[in-house]
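Working notes, structure below.
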Amino acid sequence: MQLSKAITSLLYQHDCVTIPDFGSFIVKKSSAKYVEAENKFYPPGRYISFNPIIKSNDGLLANYISSKKSISYNEALRKIGLKVIKWKKILSQDSLYIQGIGEFILNDSENLIFTADKNSNFSKESFGLRPLNVQTTGNSELTYNQNTLKKYNSLNNQKKTLSLPVPLRNAAIFIFLLAGAYFVNLNYKESVFKNEIEQNKIERENSITRLEKAIFNLGEIPALTVNIERKTTENFHIIAGAFSSSVNADKLVSGACK
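Under the numbering used here, think of the first position of the sequence shown as 2, with each following residue one higher.
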């Protein structure tokens, strides 16, 4: 693991990271600001400075490297020491740039002078936000590049009616533009979400309609015709008995009628 990467990772989590026998990086919170000399807006975040006096080992950096590289604490401390020796050798002849952190030089009094990398912001909440460049015209009026939001033009035309100082006015405009971009993005996401809900609702209703038709729309039922054959009643004669005497026959008939 490169020492610069280890330092950078720790700066996101701690307010002070010490490099033994070299110095300490101090993290300080800062609100959004406009630097008129650079014509730049800087987002809020955590920015660093360097203190060459605080150089005693506090164990933070060595323990971190020991854990990440699975080596002993003493071995990690030895590697840090070798890197510091290399840095000091470079500084004796030239400037030293540590990627993502900043640049060191030795002045005539052999004192370390540190210039932080302007693009480095060690705040997780502001991750990805970069300084916003501003161009000036011949009349020293602030105008944005073409790739910035066009809304600034209308705000710039109203600058004479504002009573705020120029830096404060520009900072307010910067915050307004950031807020506008946030709400545009928020409204877009909300619109997409609503469209998805509406589309799902329509598809669900169509599915229910198709299901109802499949189950209940049976079409017209043809009339049922039943042919019933009517039977004709015929007369029959029943022989109940045979007698030689008519008297006996009459008795049988009388008993049957009862």
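Virtual Cβ for every residue (Gly too), placed ideally from N, Cα, C.
(message) Which same chain residues end up closer than 7 Å to D59 when comparing Cβ atoms and leaving out the 5 residues on each side of it in sequence?
(response) Taking the first residue of the sequence shown as position 1, residue 59 is located at position 58. Hits under 7 Å: T19.
(request) Have a look at E37, I239, Q94 and I66 and flag the residue whose alpha-carbon is nearest the alpha-carbon of I262. (result) Lying outside 2 to 259, the shown extent of the chain, residue 262 is not represented and no answer is given.
(request) Could you say which of H15, G46, P21 and D251 lies nearest to V85 if we only look at CA atoms? (result) The residue given as residue 85 occupies position 84 in the sequence shown. Comparing Cα-Cα distances from V85 to each of H15, G46, P21 and D251, the minimum goes to P21.
(message) If you follow the beta strand (DSSP E) that V85 is in, where does it begin and where does it stop?
(response) Residue 85 sits at position 84 when you count from the first residue of the sequence shown. Unbroken run through V85 is the alpha helix (DSSP H), Y74 to L92; no beta strand (DSSP E).
(message) Excluding the 5 residues flanking I91 on each side, which residues of the same chain have their C-beta closer than 8 Å to its C-beta?
(response) Position 90 of the sequence shown, counting from 1, holds the residue named residue 91. Excluding residues within five positions, the ones whose Cβ falls inside 8 Å are L97.
(request) Drop a sphere of 10 angstroms on the beta-carbon of F42, count the other beta-carbons inside from all chains shown, and report buried for 16 or more, exposed for fewer. (result) Taking the first residue of the sequence shown as position 1, residue 42 is located at position 41. Buried, because 16 or more other Cβ atoms sit within 10 Å of the Cβ of F42.
(message) Under DSSP, the alpha helix (DSSP H) around K69 begins and ends at which residues?
(response) The residue you call residue 69 lines up with position 68 of the sequence shown. L61 to K70 is the span of the alpha helix (DSSP H), which, as asked, contains K69.
(message) In whole angstroms, give me the CA-to-CA distance for D118 and I203.
(response) For this step, residue 118 is matched to residue 117 along the sequence shown. For this step, residue 203 is matched to residue 202 along the sequence shown. So the alpha carbons of these two residues sit roughly 54 Å apart.
(request) State the Cα-Cα distance for the pair F51 and L107, rounded to the nearest angstrom. (result) Walking along the sequence shown from the start, residue 51 turns up at place 50. Walking along the sequence shown from the start, residue 107 turns up at place 106. Distance between the alpha carbons of F51 and L107: 13 Å.
(request) Take the Cβ of S25 as the centre, count every other Cβ of all protein chains shown within 10 Å, and call the residue buried at 16 or more, exposed below. (result) Numbered from its first residue, the sequence shown carries residue 25 at position 24. Classification of S25: buried, given that the 10 Å Cβ count is 16 or more.
(request) Output the distance between the C-alpha atoms of K89 and L4, rounded to the nearest integer angstrom. (result) Taking the sequence shown and counting its residues from 1, one reaches residue 89 at position 88. Taking the sequence shown and counting its residues from 1, one reaches residue 4 at position 3. Each residue's Cα considered, the two are about 14 Å apart.
(message) Under DSSP, the alpha helix (DSSP H) around K56 begins and ends at which residues?
(response) The residue given as residue 56 occupies position 55 in the sequence shown. It is not in any alpha helix (DSSP H) - K56 carries neither H nor E in the DSSP assignment.
(request) With K41 as the anchor, note down where its alpha helix (DSSP H) starts and where it stops. (result) For the purposes of this step, residue 41 is identified with residue 40 of the sequence shown, where counting begins at 1. Run containing K41: none in the alpha helix (DSSP H); it sits in the beta strand (DSSP E), K41 to Y43.
(request) Measure from the alpha carbon of S93 to the alpha carbon of each residue in S110, L62 and G82, then state which is nearest. (result) Taking the first residue of the sequence shown as 1, we reach residue 93 at position 92. Ranking the options by Cα distance to S93, first place goes to S110.
(message) By DSSP's criteria, G103 is part of a beta bridge. Which residues make up the other side?
(response) As a first step, residue 103 must be located in the sequence shown, where it is residue number 102. Paired residues: I99 and A117.
(request) Could you tell me whether the Cβ atoms of V28 and F115 are closer together than 7 Å? (result) Here residue 28 is taken as the residue at index 27 of the sequence shown, counted from 1. Here residue 115 is taken as the residue at index 114 of the sequence shown, counted from 1. Against a cut-off of 7 Å, the Cβ pair of F115 and V28 comes out as no contact.
(request) State the Cα-Cα distance for the pair G242 and A250, rounded to the nearest angstrom. (result) Counted from its first residue, the sequence shown places residue 242 at position 241. Counted from its first residue, the sequence shown places residue 250 at position 249. About 8 Å.
(request) Kindly give me the distance between the Cβ atoms of I49 and L12, rounded to whole angstroms, as I take these residues to be in contact under 8 Å. (result) Start at 1 with the first residue of the sequence shown, and residue 49 comes out as number 48. Start at 1 with the first residue of the sequence shown, and residue 12 comes out as number 11. That belief holds up - the Cβ atoms of I49 and L12 are roughly 6 Å apart, short of 8 Å.
(message) For I8, list the residues DSSP reports as bridge partners.
(response) Walking along the sequence shown from the start, residue 8 turns up at place 7. According to DSSP, I8 bridges with nothing at all.
(request) May I have the straight-line CA-CA distance separating K34 from R47, to the nearest angstrom? (result) Counting from 1 along the sequence shown, the entry for residue 34 is found at position 33. Counting from 1 along the sequence shown, the entry for residue 47 is found at position 46. So the alpha carbons of these two residues sit roughly 13 Å apart.
(request) For N134, write down the residues that DSSP places opposite it in a beta bridge. (result) Taking the first residue of the sequence shown as position 1, residue 134 is located at position 133. Answer is K41, bridged to N134.
(request) Within its chain, find whatever has a CB closer than 7 Å to the CB of S73; leave out the 5 residues flanking it on each side and keep chain order. (result) Position 72 of the sequence shown, counting from 1, holds the residue named residue 73. So the list reads S67, once near-sequence residues are dropped.
(message) Let me make sure I understand the geometry here. Which of I240, L133 and L253 has the alpha-carbon closest to that of E39?
(response) Residue mapping note: residue 39 aligns to position 38 of the sequence shown, counting from 1. Closest option to E39, Cα to Cα, is L133.
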